[in-house]
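The next block holds one structure in the form of structure tokens; read it before the comments.
2 protein chains.
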Amino acid sequence: MSTQTFTVTGMTCGHCVASVTEEVSELEGVQNVDVDLATGSVTIESTTPLEDDAVRAAVEEAGYQLA
Amino acid sequence: MSTQTFTVTGMTCGHCVASVTEEVSELEGVQNVDVDLATGSVTIESTTPLEDDAVRAAVEEAGYQLA
Chain V
1 MSTQTFTVTG
11 MTCGHCVASV
21 TEEVSELEGV
31 QNVDVDLATG
41 SVTIESTTPL
51 EDDAVRAAVE
61 EAGYQLA
Chain A
1 MSTQTFTVTG
11 MTCGHCVASV
21 TEEVSELEGV
31 QNVDVDLATG
41 SVTIESTTPL
51 EDDAVRAAVE
61 EAGYQLA
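In order, the protein sequences belong to chains V and A.
The first sequence lines up with residues 1 to 67 when you count with UniProt numbering.
The second sequence lines up with residues 1 to 67 when you count with UniProt numbering.
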């Protein structure tokens with residue numbers, strides 16, 4: 001199991017958290033996504049380490065940016 | 001046709017706007033809902049004037065408050 005943490009900017013409410021969680025959860029191997037709205041911290045547990053670009057694409061699909 | 005304007009607090013993003021729009025749109029007789037995120041202004045066009053309490057309930061159902 002791999003745990004990675006990214007910082008996402010632009011999230012302002014619980015809907016934003018839900019959108020990011022949903023998109024990141026769709027990445028292959030992702031087991032759990034924890035988003036801290038106050039800090040923008042997104043912690044991802046996955047069966048194998050994720051490529052930064054894949055995470056970036058998912059976050060951007062949700063409408064936000066990696067810091 | 002009746003046009004009424006309310007101020008809603010707590011909306012921070014487009015998802016919030018969508019939630020308020022959806023709930024208010026479900027009120028009987030509502031024809032159009034326009035939400036200005038920056039000001040919190042919600043303008044409602046309806047076939048007959050809406051009761052303030054009905055609008056308040058819809059806004060609260062969405063998770064926000066009337067000012």
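No residue lacks a Cβ here, since even glycine has one placed at the ideal position from N, Cα and C.
Every value quoted in this text rests on a predicted model; they were computed, and no experiment measured them.
{"Asked": "Under 7 Å by beta carbon: chain V residues contacting Thr12(A)", "Found": "Thr12, Cys13"}
{"Asked": "Start-end ranges of the beta strand (DSSP E) lying completely within the UniProt domain \"HMA\" (2 to 67) of chain A, minimum 3 residues", "Found": "2 to 9, 30 to 36, 41 to 46"}
{"Asked": "Segment contact, 8 Å Cβ cut-off, at least three pairs: the region 36 to 53 of chain V with the region 5 to 23 of chain V", "Found": "yes"}
{"Asked": "Ala58(A) versus Met1(A), Ala38(A), Cys13(A), Val30(A), residue with shortest Cα-Cα distance", "Found": "Val30(A)"}
{"Asked": "Environment of Met1(A) [buried if 16+ CB atoms lie within 10 Å]", "Found": "exposed"}
{"Asked": "Presumed contact (8 Å Cβ cut-off) between Ser25(A) and Gly63(A), rounded CB distance", "Found": "Rounded, the Cβ-Cβ distance is 16 Å, inconsistent with contact."}
{"Asked": "Cβ pair Ala54(A), Leu37(A) closer than 8 Å", "Found": "no"}
{"Asked": "Own chain residues within Cβ distance below 7 Å of Gly34(V), not counting five before or after", "Found": "Note that residue 34(V) corresponds to Asp in the displayed sequence, not to Gly. Same-chain partners within the cutoff: Thr43."}
{"Asked": "Buried or exposed (CB count within 10 angstroms, at least 16 for buried), Glu22(A)", "Found": "exposed"}
{"Asked": "Contacting residues, own chain, Cβ-Cβ under 8 Å from Thr9(V) (five flanking each side not counted)", "Found": "Gly40, Tyr64, Gln65, Leu66, Ala67"}
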